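K.L.:
Letter by letter, the sequence shown follows residues 1 to 370 in UniProt numbering. All residues carry an ideal CB built from backbone N, CA and C; glycine is no exception. Since we're looking at a predicted model, the values are computed, not measured.
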Amino acid sequence: LPRHKTLHEGKQARLKEMASDSARLRDLASFVDRKIKSLINNDLKEICRQEGLQVSGVKAALQKRISEVIVHHLRKNDLEALERLRYRAEHQGRTPPAQSHQPSLARDTITPISPAPHTTAGIPAYPRPAGMPQYHQAPAARAAAPSRASVKFRESPFYQIREALTPTKELSEMPHNRHSLDEKVYLSEPICTSLKADPSLRIMLYCATTSTLGPYAFNVDIAFPSQIEVKINGDEVRKSFKGLKNKPGTTKPVDITDLIRKVPNYQNIIHVTYALTKERFSLMVNLVKVTSANDLATRLKQTGSRIPKDTVLREMAAKAQDPDIVATSTVMSLKDPISTMRINIPCRSNVCSHNQCFDGSYFLQLQEQA
């Protein structure tokens, strides 16, 4: 009799656990379905695209397709698929991160972790917002944050990225509407100290087109949406977000150092509003070492390779011995061919065969402006 009683109690416990898991699945499916109803068309299309669904149609049709997928996964008790849909619904259709992410959450942000989280082997745990029932919590909340180095910008002698201060923020396509988003920047005490001690360290806003390159791109040029407005802690950034017309690669990063409050662990809020773009962008904030054109010119004078006088005379003598060349007197101008100012740092390429030089300092200033 005791043995039968034990078997009966074990069966009852398993039934209760199954009922509890079923309730969790229903709650999760209901949460995702409600979240889908609040999304804009672009996010719905991205979810459909990532889930292999048809992306054409009006908003109601997109919502219906996703709702049908939610019901399908609920009937199959597929918790992993529902968690994946929940993550997509909360992150504009993006794919959930893998569990092996490096710790890279926004600086000094702490996410509370349940003392005894309920976990299931083989099911990934994704970051969860406040107010969402805790089903499967990751062992460490920092492990699910997006990477800070997903876009590699083209190197520049004027701007050297020292550290990423925020994760990459995705700006989805907005061909007809306006869209706003917020990003938080936290500065650690060592960074605040460095910013105050070294004026060449700046906090800069970087952005790039990633529509065709994917989220992990290399040697990308800086580019902002054609219509963009940025506010830092409520103050508008009055800087140019454009480069030269029809000249990719001429856009410079936007310096926002003066609007950032350099207090350790202070929550600086960056509010971005953009519109009328058919491309997808990636936005981030970086700590940058800025080198001016004058500093580069000084470095060029000190460490640049020099063309010896004997080499120049030897080249001129070799040309004079050529029977096809008639020796005549020449006048060598000491003015820069572009600025028409007197040359201070005469420069020419190692592969040039002529003796005419240009001013290295003015050349670097032109590159800095462009």
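Going by C-alpha distance, which of 35, 95 and 78 is nearest residue 49?
P.N.:
95
K.L.:
From the DSSP secondary-structure annotation, give me the bridge partner or partners of residue 335.
P.N.:
Residue 335 is bridged to 342.
K.L.:
Looking only at DSSP bridge pairs, what is residue 221 linked to?
P.N.:
According to DSSP, which records beta bridges pairwise, residue 221 is partnered with nothing at all.
K.L.:
Pick helix, strand or coil for residue 352, following the three-state DSSP scheme.
P.N.:
coil
K.L.:
If you draw a straight line from the alpha carbon of residue 265 to that of residue 57, how long is it in whole angstroms?
P.N.:
45 Å
K.L.:
Provide the residue(s) that pair with residue 159 in DSSP beta bridges, ordered along the chain.
P.N.:
Answer is 290, bridged to residue 159.
K.L.:
What's the gap between the Cα of residue 231 and the Cα of residue 363?
P.N.:
Linking residue 231 to residue 363 through their CA atoms gives a straight-line distance of about 34 Å.
K.L.:
Is the beta carbon of residue 208 sitting closer than 9 Å to the one on residue 153?
P.N.:
For residue 208 and residue 153, yes; Cβs fall inside 9 Å.
K.L.:
Taking the CB atoms as reference points, tell me whether residue 271 and residue 182 lie closer together than 9 Å.
P.N.:
yes
K.L.:
If you measure between the beta carbons of residue 62 and residue 69, is that distance less than 9 Å?
P.N.:
Cβ atoms of residue 62 and residue 69: not closer than 9 Å.
K.L.:
Among residues of its own chain, excluding the 5 on either side of residue 297, which ones have a beta-carbon nearer than 7 Å to its beta-carbon?
P.N.:
The residues are 345, 360, 361 and 364.
K.L.:
Is residue 291 near residue 200, with beta carbons less than 9 Å apart?
P.N.:
yes
K.L.:
Restricting to Cα atoms, I'd like to know which of 35, 277, 295 and 340 is closest to residue 177.
P.N.:
277
K.L.:
Assuming residue 32 contacts residue 85 under a Cβ cut-off of 8 Å, what Cβ separation, rounded to an integer in Å, is found between them?
P.N.:
5 Å
K.L.:
If you draw a straight line from the alpha carbon of residue 357 to that of residue 340, how long is it in whole angstroms?
P.N.:
For residue 357 and residue 340, the distance between alpha carbons rounds to 12 Å.
K.L.:
Since residue 207 is in the beta strand (DSSP E), which residue starts that stretch and which ends it?
P.N.:
201-209
K.L.:
What did DSSP end up calling residue 31 once you bin it into helix, strand or coil?
P.N.:
helix
K.L.:
So residue 274 is in the beta strand (DSSP E); what residue range does that whole segment cover?
P.N.:
268-277
K.L.:
To which residues does DSSP link residue 180 through a beta bridge?
P.N.:
Residue 180 is bridged by DSSP to 273.
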